[in-house]
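What follows is one structure encoded as structure tokens, with my remarks underneath.
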Amino acid sequence: MSNLLEVQNLKTRFHTPEGTVYAVNGVSFHLKEGETLAVVGESGCGKSVTMLSILGLIPIPPGKILSGSALYLGNDLLQMSDEELEDVRGKEISMIFQDPMTSLNPVLTIGRQITESLRTHLGMDHKQATKRAIGLLEAVGIPGAASRLGDYPHQFSGGMRQRVMIAMALACQPQMLIADEPTTALDVTIQAQILELAIQLRDQFGMSMIWITHDLGVVAGLADRVVVMYAGYIVEEGDVITIFENPRHPYTMALLAALPRVDRHREHRLKSIPGAPPNLLVEQRGCPFAPRCEYACERCWEENPALTPIDGSGFAGTSTSMPASVPASVSASVSAPHRIACWVDIKTGKQR
Amino acid sequence: MNGPALPEQHAPPLVQVQNLKKHFPVTRGIVFERQVGAVRAVDGISFHIERGETLGLVGESGCGKTTAGRTLLGLYPATEGSITIDGHDLRRANAHELLAIRRKAQMIFQDPYASLNPRWTVNAIVGEPLRVHQLLKTEKERDERIKELLELVGLSPRHLNRFPHEFSGGQRQRIGIARALASDPLFIVCDEPISALDVSIQAQVVNLLEDLQDRLGLTYLFIAHDLSMVRHICDRVAVMYLGVIVELAERDELYDNPLHPYTQALLSAVPIPDPRKDRARRRTILAGDVPSPLNPPSGCRFHPRCPVAMEHCAHTAPEWREINPGHWVACHAV
Amino acid sequence: MESTVRTTGGVAHLLPDELEAPPLSLGELTWRRFRRHKMALFGGVTLILLVLYSFGGAFIFSEAFANRTETGARLQSPSAEHPFGTDTIGRDILARTIYGGQISLLIGLTAMLVEVFIGVLVGSLAGYYGGKLDSLLMRFTEAVLTVPQIFLLLVMAKFFGDKIPNLELLGRTFSGSVIVIILIIGLTSWPYLARIVRAEFLSLKEREFILAARATGTPTSQIIFRHILPNSIAPIVVSATLGVASAITLEAYISFLGLGVRPPTATWGNMLEGAYNYIEEAYWLWLFPGALIVLIVLSINFLGDGLRDALDPHSRAI
Chain A
63 MSNLLEVQNL
73 KTRFHTPEGT
83 VYAVNGVSFH
93 LKEGETLAVV
103 GESGCGKSVT
113 MLSILGLIPI
123 PPGKILSGSA
133 LYLGNDLLQM
143 SDEELEDVRG
153 KEISMIFQDP
163 MTSLNPVLTI
173 GRQITESLRT
183 HLGMDHKQAT
193 KRAIGLLEAV
203 GIPGAASRLG
213 DYPHQFSGGM
223 RQRVMIAMAL
233 ACQPQMLIAD
243 EPTTALDVTI
253 QAQILELAIQ
263 LRDQFGMSMI
273 WITHDLGVVA
283 GLADRVVVMY
293 AGYIVEEGDV
303 ITIFENPRHP
313 YTMALLAALP
323 RVDRHREHRL
333 KSIPGAPPNL
343 LVEQRGCPFA
353 PRCEYACERC
363 WEENPALTPI
373 DGSGFAGTST
383 SMPASVPASV
393 SASVSAPHRI
403 ACWVDIKTGK
413 QR
Chain B
19 MNGPALPEQH
29 APPLVQVQNL
39 KKHFPVTRGI
49 VFERQVGAVR
59 AVDGISFHIE
69 RGETLGLVGE
79 SGCGKTTAGR
89 TLLGLYPATE
99 GSITIDGHDL
109 RRANAHELLA
119 IRRKAQMIFQ
129 DPYASLNPRW
139 TVNAIVGEPL
149 RVHQLLKTEK
159 ERDERIKELL
169 ELVGLSPRHL
179 NRFPHEFSGG
189 QRQRIGIARA
199 LASDPLFIVC
209 DEPISALDVS
219 IQAQVVNLLE
229 DLQDRLGLTY
239 LFIAHDLSMV
249 RHICDRVAVM
259 YLGVIVELAE
269 RDELYDNPLH
279 PYTQALLSAV
289 PIPDPRKDRA
299 RRRTILAGDV
309 PSPLNPPSGC
319 RFHPRCPVAM
329 EHCAHTAPEW
339 REINPGHWVA
349 CHAV
Chain C
22 MESTVRTTGG
32 VAHLLPDELE
42 APPLSLGELT
52 WRRFRRHKMA
62 LFGGVTLILL
72 VLYSFGGAFI
82 FSEAFANRTE
92 TGARLQSPSA
102 EHPFGTDTIG
112 RDILARTIYG
122 GQISLLIGLT
132 AMLVEVFIGV
142 LVGSLAGYYG
152 GKLDSLLMRF
162 TEAVLTVPQI
172 FLLLVMAKFF
182 GDKIPNLELL
192 GRTFSGSVIV
202 IILIIGLTSW
212 PYLARIVRAE
222 FLSLKEREFI
232 LAARATGTPT
242 SQIIFRHILP
252 NSIAPIVVSA
262 TLGVASAITL
272 EAYISFLGLG
282 VRPPTATWGN
292 MLEGAYNYIE
302 EAYWLWLFPG
312 ALIVLIVLSI
322 NFLGDGLRDA
332 LDPHSRAI
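Chains as they are written, first to last, in the working numbering: chain A, 63 to 414; chain B, 19 to 352; chain C, 22 to 339.
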């Protein structure tokens, strides 16, 4: 499987009256064909800005993409002109967002919004586009699809609007879907519906996905590989099983220890991470997590660690058998490298 | 619906709610408004909370849990039913009694950005209950108490004269907690106190709430939609759907042995941060949307989405019954 | 960034040394935002200069001098002796603009105070209590709005103008017509502010911190005056500022029509009236008072714009 998307050393900043916001600070990752990558982190970690930068959706000014490349099938998205990017967006790479109410145009009917995309990108005529739009709405599970084409966004419930968003995003059968916290604002039963839909459509179309979220539960059920972000850096990267069962970065471990479980009896207090989220107005000298890290050593304050493979083969190397329900793509991803940006080896306490 | 029978205890429950209803009228007309319907946000709920206990109230949006919490404290006038806090009947209380009840029953809010007056200093915000209830005679005593409260919640007293916008979300939530503790209350309604916070901060605040409960002997009503967190912090849990409580049980009993189909669906929908386990389990995915409390379905409110609904369910509302000791359900299929 | 983890009776926390910014009250924040508005600063400075001109100038020229007629020196163009020239009956225009400025500003300010007082009162009661009181007050407000302001001003000024006696204040004589003008402008301008205040109250009273105050047991009067009102200062200040400009303009209109403030009291508006017949021959009659009116209205409007942005609660500047 080749790399569909390869991002190298992306740096994005925002120049605001309060100062420079160091939003994304040298992020590199890749997405293979057919893979689902989860990007996890709390608010302000830069996960959304990273994806928006790649698709040229950052307002410039005040934003500025300082450096980096984002190769999509070999072409650097960051070097493309606006027209070229418009061709890519919606057709090759689609994005859905957290709040469908702000991403859907409130004064246009749903039918109009979907068909517009089809006509622009695929050159369909009105009849063809309408037929296709109905099919899409049915595929995302909207009852009475044909009659709902004439409805406006506010006439749909939150979950339905999110389905419409998905329908629009998939209209042109893109290669890749980027989902930016699409279920965060939804009730848990509706979230379950949407996640199930996403998995079903993914498998049906063989789509590659990047799923941005802060919810580790969603990640566990959806992702093949995971990238954990903090203060605009990637701090850990690995396949989903490894991240959850063998995390090696203090932040990842702390996040997992801070989660309560719905399926277990309460055993002990939640382990909270002391301190507060980092101040993005300051360019970090050392590791951004050092102030809150219980393993921090001298070097952590001085030098920012790069993302390097866990010592050994650079592969997670777990060969434990997986239950049948784990999809093939996860098993395949298990051979993906496990990398962390940390000076300390948690297991041994020694420096890396 | 009858509430659960009072358990044989020496002390009566701190909070007792019986058949509480809160309807919001829907009006039409520009010049002369007339009522054409009602949003039945809370439509007959009954429960009690023992001293020192944490009762969880869970449900999805529109279930009425926030309205229930606010009506419980008299912030919305109840349409029907009775509310008793520490022996005082809230609905029959005069202004003076109401003030006394407010001293003892406080609230923590969901939005750390909106629940503090942006133009007041921390000092003024945390000190307001002291002023309103005329506690502590001298200003010096009040200042001491405010500093004490800030330290109790883990904030430095040096920041007395700062404004809310200078603090982070988690810190603002602590200010809100300090304010709620100022009048030395017995009972606190926590209305989704951590939903707006980052995961790493949620644990901080939850730990703080637990420590305060141990230290000060507080009783909590914990309103939330995060079922994992509720399992962690609550002693008993009530599940609400469309204005009514459908199941109520001891914490582990509810999570290990949910009886109501909605509870079962709800629990199965919660993602588990364990990839093997999450992908292995079978989920009950509910069809359709959460209906509007403006026009709730007839009979059992859950019947349109219920995977085991029978014909009977559309006509008759189910009875609230104690199936196992302490485990109450309203369902025909149980 | 130093961090200290300390446990106090089981509560682990980080002492918040992470509040890096020095204490900045909302007033300071507002000033910082305001400072960024170049035009607003210009407006503010110009306004201050105009106020100094009108009130400071009184130390140089006496009022008697401003009113002293000298028919021999009538309609003189600007000279060293009379830098702004003289008017149709020989009065020094420079001095008259100084005293005229005082009256114009006085009218603007006082009318604004009347407007703000009534507007805030009506708006806050209607907004907070809602229901029938709200309906009643709003119908009343709308009724007042239907009254054509200028027309009423003209009629009332003409009718009452002569009937109200001159006012003696601080050793100065003010024509009774000034009082009438102030009252009428104030009494007809408040509806706009009332609606704005009502809208603010309607939205603010649902805010969580108000709910929190009620949960604390705070009495209603404190909620209105200590909680809601301070948070609605922004639109009130902006409206009041623009109200001053509006009042000054209104006074200029009616005085120009000869129905405003009566002589000998000078206002920039009634100075324009006298200039009407001499537009071409004696430009100095209208140029100076006219320019001053334009200057003050512009500067107030710029100031108001800047205030509106600076006081905007939605921008979270540091």
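By construction, the Cβ of each residue, glycine as well, lies at the ideal position given by its N, Cα and C atoms.
Taking the alpha carbon of residue i as the point to measure from, which residue in the options has its own alpha carbon closest?
i: A:A358; options: A:A403, A:A320 and A:L284; result: A:A403
i: B:P95; options: B:G80, B:A111 and B:G105; result: B:A111
i: A:R326; options: B:K122, B:L148 and B:V288; result: B:V288
i: C:M133; options: C:G279, C:A268, C:L293 and C:G290; result: C:A268
i: B:E210; options: B:A335, B:V224 and B:T89; result: B:V224
i: A:D144; options: A:S129, A:L119, A:N167 and A:Y134; result: A:L119
i: A:T410; options: A:L232, A:I372, A:P399 and A:H400; result: A:I372
i: B:F320; options: B:C252, B:G261 and B:P182; result: B:G261
i: B:I263; options: B:Y273, B:S64 and B:R46; result: B:S64
i: A:E97; options: A:G106, A:G185, A:V297 and A:L284; result: A:L284
i: B:A62; options: B:L73, B:K83, B:G47 and B:S79; result: Checking the sequence shown, residue 62 of chain B turns out to be Gly, not Ala. For B:G62, the nearest C-alpha among the options comes from B:K83.
i: B:E115; options: B:A298, B:T102 and B:M125; result: B:T102
i: B:F205; options: B:L90, B:G47, B:C324 and B:L38; result: B:L90
For residue i, which residues in the same chain have their Cβ closer than 7 Å to its Cβ, ignoring the five residues on either side in sequence?
i: C:R89; result: R112
i: A:T83; result: Before going further, note that residue 83 of chain A is Val rather than Thr in the sequence given. Cβ neighbours of A:V83 beyond the five flanking positions: R75, F76, L342 and L343.
i: A:P205; result: none
i: C:F105; result: P99, I114, L115, T118, W305 and F309
i: C:P136; result: Reading off the sequence, residue 136 of chain C comes out as Glu, not Pro. The residues are G207, S210, W211, L214 and G264.
i: A:S383; result: Confidence is the limiting factor: at A:S383 the pLDDT is only 47, short of 50, which leaves the residue's position unreliable, though a coordinate-based value still follows. Taken in chain order, the list of residues that qualify is empty.
Based on the DSSP secondary-structure assignment, which residues constitute the bridge partners of residue i?
i: B:G55; result: B:V44
i: B:F65; result: B:V35
i: A:F91; result: A:V69
i: B:D209; result: B:I241
i: A:P371; result: A:R401
i: A:I296; result: A:M291
i: B:E340; result: B:W346
i: A:Q235; result: The partner list for A:Q235 (beta bridge, DSSP) is empty, contrary to what the question assumes.
Note down, in chain order, each residue of its chain lying with its Cβ closer than 8 Å to the Cβ of residue i, except the 5 sequence neighbours on either side.
i: B:V44; result: Q53, V54, G55, A56, V57 and L312
i: C:N187; result: T194, F195, S196 and G197
i: C:A266; result: G129, I317, V318, I321, N322 and G325
i: B:P31; result: L24, H66, I67, E68 and R69
i: C:Q243; result: A234
By Cβ distance, which residues of its chain are closer than 6 Å to residue i, with the 5 residues on each side in sequence left out?
i: A:E154; result: P236 and Q237
i: A:L166; result: P215
i: A:T314; result: V290 and E298
i: B:H330; result: H350
i: A:M186; result: L180
i: B:N342; result: none
i: B:Y280; result: Y259, V264 and F320
i: B:P73; result: The amino acid occupying residue 73 of chain B in the given sequence is Leu; Pro does not appear at that position. Closer than 6 Å at the Cβ level, and outside the excluded window around B:L73, lie I67, L239 and R254.
i: A:E243; result: Q160, I274 and T275
Counting pairs of Cβ atoms below 8 Å between the region 66-80 of chain C and the region 97-113 of chain C, do you hit three or more?
-> no
May I ask you to verify whether the region 206-213 of chain C touches the region 140-152 of chain C, counting CB pairs closer than 8 Å and requiring at least 3?
-> yes
Cβ contact check for the region 192-199 of chain B and the region 337-351 of chain A: 3 or more pairs under 8 Å | no
Can you give, in chain order, each stretch of the alpha helix (DSSP H) that sits fully within the region 246-290 of chain B and has at least 4 residues?
-> 269-274 and 279-287
How about the region 174-191 of chain B and the region 306-326 of chain A: do they share at least three Cβ pairs that are nearer than 8 Å?
-> no
Output the residue ranges of the beta strand (DSSP E) runs that lie fully inside the region 136-167 of chain A and measure 3 residues or longer, sorted by chain position.
-> 155-158
For the region 121-173 of chain B, list the beta strand (DSSP E) runs that are entirely contained and at least 3 residues long, ordered along the chain.
-> 123-126
Does the region 320-335 of chain A come within contact of the region 242-256 of chain B, defined as at least 3 CB pairs closer than 8 Å?
-> yes
Touch test, the region 137-147 of chain B against the region 195-215 of chain B, Cβ-Cβ under 8 Å, three pairs minimum | yes
Touching by the beta-carbon criterion (3+ pairs, under 8 Å), the region 157-164 of chain C and the region 222-241 of chain C = no
Taking the runs of the beta strand (DSSP E) that are 3 residues or longer, which of them lie wholly in the region 182-230 of chain C?
-> 188-190 and 193-195
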